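Asker:
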Amino acid sequence: MKEELAKKWEKGADFYNRNFYSFNKKQWEHLVAPYLNDEPGIKSILDVGTGPGQLALLLASMGHEVTGLDLSKRMIELANQHNEEARHKATFLEGNAEYMHFLDNSFHLITNRLNLWTLPNPGLFVQQAYRVLKTNGKILLFITMPDSKKVYENPQTNKKEEIFTEDYQKAVAQLPFRNASPAQVKALLDAAGFKETVGYEFNDERTFTAEHMADMLSDYGEAGEAFQQLLKNHPSKDEVESFLQKYHFSHGEVHYNSEGALSFVFPIDSAMITGRK
Ligand SMILES: C[S@@+](CC[C@H](N)C(=O)[O-])C[C@H]1O[C@@H](n2cnc3c(N)ncnc32)[C@H](O)[C@@H]1O
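Position in the sequence shown (from 1) plus 42 gives the number in my numbering.
(1) On the three-pair Cβ rule with 8 Å, is the region 282 to 299 touching the region 226 to 245?
(2) Please specify which runs of the beta strand (DSSP E), each continuous and at least 3 residues long, are wholly inside the region 76 to 147, giving them in chain order.
(3) Using 6 Å as the cut-off, classify the Cβ of ALA215 as near or not near the heavy atoms of ligand 1, replying yes or no.
(4) What is the C-beta distance between ALA128 and LEU99, in whole angstroms, given that I count them as a contact (C-beta under 8 Å)?
(5) Would DSSP call LYS176 helix, strand or coil?
(6) For SER260, does the three-state DSSP call read helix, strand or coil?
(7) CB-CB under 8 Å to VAL174, same chain, minus the five flanking residues each way: which ones, in chain order?
(8) Taking DSSP's pairing of strands, which residues face ARG248 in a bridge?
(9) Between which residues of its own chain and LEU259 is the CB-CB distance below 6 Å, once the five residues before and five after are set aside?
(10) Quick one: does the C-beta of PHE244 sit closer than 6 Å to a heavy atom of ligand 1?
(11) Quick check on THR92 - is its C-beta less than 7 Å from some C-beta in chain B?
(12) Given this structure, state the Cα-to-Cα distance separating LEU111 from GLU81, to the nearest angstrom.
(13) Measuring from the CB of TRP51, is there a heavy atom of ligand 1 at a distance below 6 Å?
(14) Which stretch, first to last residue, makes up the beta strand (DSSP E) that contains ASP220?
(15) Use the C-beta contact count for GLY90: other C-beta atoms within 10 angstroms, 16 or more gives buried, fewer gives exposed.
(16) Could you tell me whether the Cβ atoms of LEU183 and VAL227 are closer together than 7 Å?
(17) Classify ASN125: buried if its beta carbon has 16 or more other beta carbons within 10 angstroms, exposed otherwise.
(18) Whole angstroms are fine: how far does the CA of LYS53 sit from the CA of SER114?
(19) PHE167: which of LYS68, ALA215, PHE219, ILE310 sits nearest, CA to CA?
(20) Using the three-state DSSP reduction, which class does PHE291 fall into: helix, strand or coil?
(21) Thinking C-alpha only, which one of ALA222, LEU47, LYS279, ASP311 is nearest GLY302?
(22) Taking LEU78 as the reference, which of GLU107, LYS274, MET255 has the closest Cα?
(23) Can you tell me whether THR177 is buried or exposed? The criterion is at least 16 other CB atoms within 10 Å of its CB, across all chains shown.
(24) Quick check on DSSP: helix, strand or coil for TYR242?
(25) For the beta strand (DSSP E) that LEU151 lies in, which residues bound it at each end?
(26) DSSP three-state label for LEU182, please.
(27) To the nearest whole angstrom, what separates the beta carbons of GLY165 and LEU217, a pair I think is in contact under 8 Å?
(28) Cutting at 8 Å between CB atoms, please list the residues of its own chain near PHE57, excluding the five before and the five after it.
(29) Check each candidate in LYS44, LYS274, VAL296 and name the one with the smallest Cα separation from ALA139.
Encoded structure:
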């Protein structure tokens, strides 16, 4: 199962980078700032399951010393490219969240965004996180609440599915935290010895350009081709909305900006769970 999972992230890294790298920086800065500004000074931060590095680089842009860790070599390459382009000095390393080789007491803060669900043994990661945090160090885990990933609803079967291979889906079905609630994540942190663990729910959103939507829909065969065709005809907002409805993507909002470019905003129910060593 581990191999299937690792292969998937490696193969999907460029797709992930194209479609999910951009996020609402202001909102995320606002979310993490209280955990960085409690004491003055530069913090040493580890972002686990960093992917193409968007959160790690946001933290670096706030002046902190950031290390991003990811199992996928390609994700690390992409994160390094963004690091160079933004002229930040974050460090990106290939490695497994469940077997981290950092020394004890190394970091003030560990962040983990949308990675916990991918782990076959999330308990191992949380124990490692506890070990490598400094005394009073904090962990911030960001999860998507169960049943809120409608963007992946398959228009052909009307079922919620990931866009992934059958083998990968079988492997995902065995992941213990693939649908974990904030309470389950809090219990995991409590069991590893974290204190003052609390969860906050917040609304997140993802915005896609027409190009990104076409890229995602191209995995859906018929829907992808129909979308490309629709775009060629300079559709009205109503026409785009009825297209989305037909293919069960109707929970998103469609906008035309002043320059006539389309954007798609999908709301996501999210939670942040935090604890202190
Ligand atoms: C959904 S992506 C999240 C990426 C990024 N944190 C974000 O917010 O977009 C999950 C990431 O976890 C990584 N990953 C999966 N299993 C891992 C493991 N055992 N150790 C470290 N990273 C892992 C994947 O390669 C992928 O980059």
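Ideal Cβ positions, reconstructed from N, Cα and C, are used throughout, including at glycine.
Note that the coordinates shown come from a computational prediction; the quantities given were computed from them, not determined experimentally.
Answerer: From the atom records:
(1) Result no; under three Cβ-Cβ pairs closer than 8 Å.
(2) Here the runs fully enclosed are 86 to 90, 107 to 112, 133 to 136.
(3) Checking every heavy atom of ligand 1 against the Cβ of ALA215, none is found closer than 6 Å.
(4) Going by Cβ atoms, the distance from ALA128 to LEU99 rounds to 6 Å, so yes, they are a contact pair.
(5) LYS176 falls in the strand class under three-state DSSP.
(6) DSSP, reduced to helix, strand and coil, places SER260 within a helical segment of the structure shown.
(7) Once the five neighbours on either side are set aside, the close Cβ partners of VAL174 are LEU88, MET142, PHE144, LEU145, ASP146, ASN147, SER148, PHE149, ILE152.
(8) Looking at the DSSP assignment, ARG248 forms a beta bridge with PHE308.
(9) These residues qualify, in order along the chain: ALA265, GLY266, PHE269.
(10) PHE244: no, Cβ never under 6 Å from ligand 1.
(11) Protein chains in the displayed structure number just one, and chain B is not present.
(12) Roughly 25 Å between the two C-alpha positions.
(13) Answer for TRP51: yes, Cβ within range of ligand 1.
(14) A small fix is needed here, since residue 220 is Arg in this sequence, not Asp. Element bounds for ARG220: n/a, residue is neither H nor E.
(15) Looking at the sequence shown, residue 90 is not Gly but Val. By the neighbour-count criterion, in which a residue is buried when 16 or more other Cβ atoms sit within 10 angstroms of its Cβ, VAL90 is buried.
(16) Taking 7 Å as the cut-off, the beta carbon of LEU183 is found closer than this to the beta carbon of VAL227.
(17) Taking all protein chains shown into account, ASN125 has 16 or more neighbouring C-beta atoms within 10 Å of its C-beta and is therefore buried.
(18) A direct Cα-Cα distance of roughly 9 Å separates SER114 from LYS53.
(19) If we check each option's Cα against that of PHE167, PHE219 comes out closest.
(20) DSSP places PHE291 in coil when its eight states are reduced to three.
(21) Taking only the C-alpha atoms, the option nearest GLY302 is LYS279.
(22) The option with the nearest alpha carbon to LEU78 is GLU107.
(23) Exposed.
(24) In the three-state DSSP reduction, TYR242 falls in the strand class (E or B).
(25) For LEU151, the enclosing beta strand (DSSP E) covers residues 149 to 155.
(26) In this structure, LEU182 counts as strand in the three-state DSSP scheme.
(27) Going by Cβ atoms, the distance from GLY165 to LEU217 rounds to 13 Å, so no, they are not a contact pair.
(28) So the qualifying residues of the chain are ASP257.
(29) Measuring from the Cα of ALA139, the nearest candidate turns out to be LYS44.
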